[in-house]
Structures are given as C-alpha cells and as structure tokens.
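Asker: A single structure is presented below for examination.
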Amino acid sequence: MLLSGATIPLAFFPENLRKVVEYLPFRAVYDIPLKMLLKKDGSDSIEGVLGMLGVQLLWCVVLTVAGNLFWNHAVKRITVNGG
Numbered sequence: 052m053l054l055s056g057a058t059i060p061l062a063f064f065p066e067n068l069r070k071v072v073e074y075l076p077f078r079a080v081y082d083i084p085l086k087m088l089l090k091k092d093g094s095d096s097i098e099g100v101l102g103m104l105g106v107q108l109l110w111c112v113v114l115t116v117a118g119n120l121f122w123n124h125a126v127k128r129i130t131v132n133g134g
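Number 97 in our numbering belongs to position 46 of the sequence shown; there are no gaps in the numbering.
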C-alpha cells in the first residue's frame, strides 16, 4: 500500500518515483478514488472522471487476463496424487 498513496500521498514522492508509480495498479486502488472525491486533477469534469475510471477498468482487465493465464498454466502443470 506504500505505492498507492495510502501511507504517503503521491504528491510527496520524488518526481521520478511519482512518474513510475502513476503506471502501477496500486494508484488506481487508492489515489484515483481519493482524487475523484476531492475533485482534484481534472476530476471535476466528466472527461477527467471517465479518464480515471478508464485507468481503473484497464487495470481490472489486465490483471484479470494475467490471472487467467497464470491459472490455466498452473492447472495444466498440477499433479494430484490420491483421491
């Protein structure tokens, strides 16, 4: 949760680290909903809100696909002995 902005706000991060953190899914969990509630960084317009929701939806799709790929790979390789 450190990189989500829950412990330390992302505004306090160094500029280089903040650029990296903006592409991680942790930001979509805490920082984006907080900005929407506080109406910061363009979230006072419908375009800003749709953009932020789009980022969250993108991470949901990416993580779901990655999870399914991992699951299918694990199911093919699993060996169960016994009943």
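Cβ coordinates follow ideal geometry from the N, Cα and C atoms, glycine included.
Which residues in the same chain have their Cβ closer than 7 Å to the Cβ of V106, if we skip the five residues on either side of it in sequence?
Answerer: Here residue 106 refers to the residue found at position 55 when the sequence shown is read from its first residue. Cβ within range, chain order: A79 and I83.
Asker: Among the candidates A57, A62, H124 and W110, whose CA atom is the shortest distance from the CA of L75?
Answerer: In the sequence shown, residue 75 corresponds to position 24, counting from 1. Of A57, A62, H124 and W110, the residue nearest in Cα terms is W110.
Asker: For A57, which three-state DSSP category applies?
Answerer: Counting from one through the sequence shown, the residue named residue 57 turns up at place 6. It is coil, neither helix nor strand.
Asker: Can you check whether the CB of L54 is closer than 8 Å to the CB of F77?
Answerer: For the purposes of this step, residue 77 is taken as residue 26 along the sequence shown, with counting starting at 1. For the purposes of this step, residue 54 is taken as residue 3 along the sequence shown, with counting starting at 1. Result yes, Cβ atoms of F77 and L54 sit closer than 8 Å.
Asker: Hey, how far is the Cα of T58 from the Cα of T130?
Answerer: As a first step, residue 58 must be located in the sequence shown, where it is residue number 7. As a first step, residue 130 must be located in the sequence shown, where it is residue number 79. So the two alpha carbons sit approximately 41 Å from each other.
Asker: Looking only at its chain, what residues have a beta carbon closer than 6 Å to the beta carbon of L114, apart from the 5 residues adjacent to it on each side?
Answerer: Locating residue 114 in the sequence shown gives position 63, where the first residue counts as 1. The answer is none, since no qualifying residue turns up.
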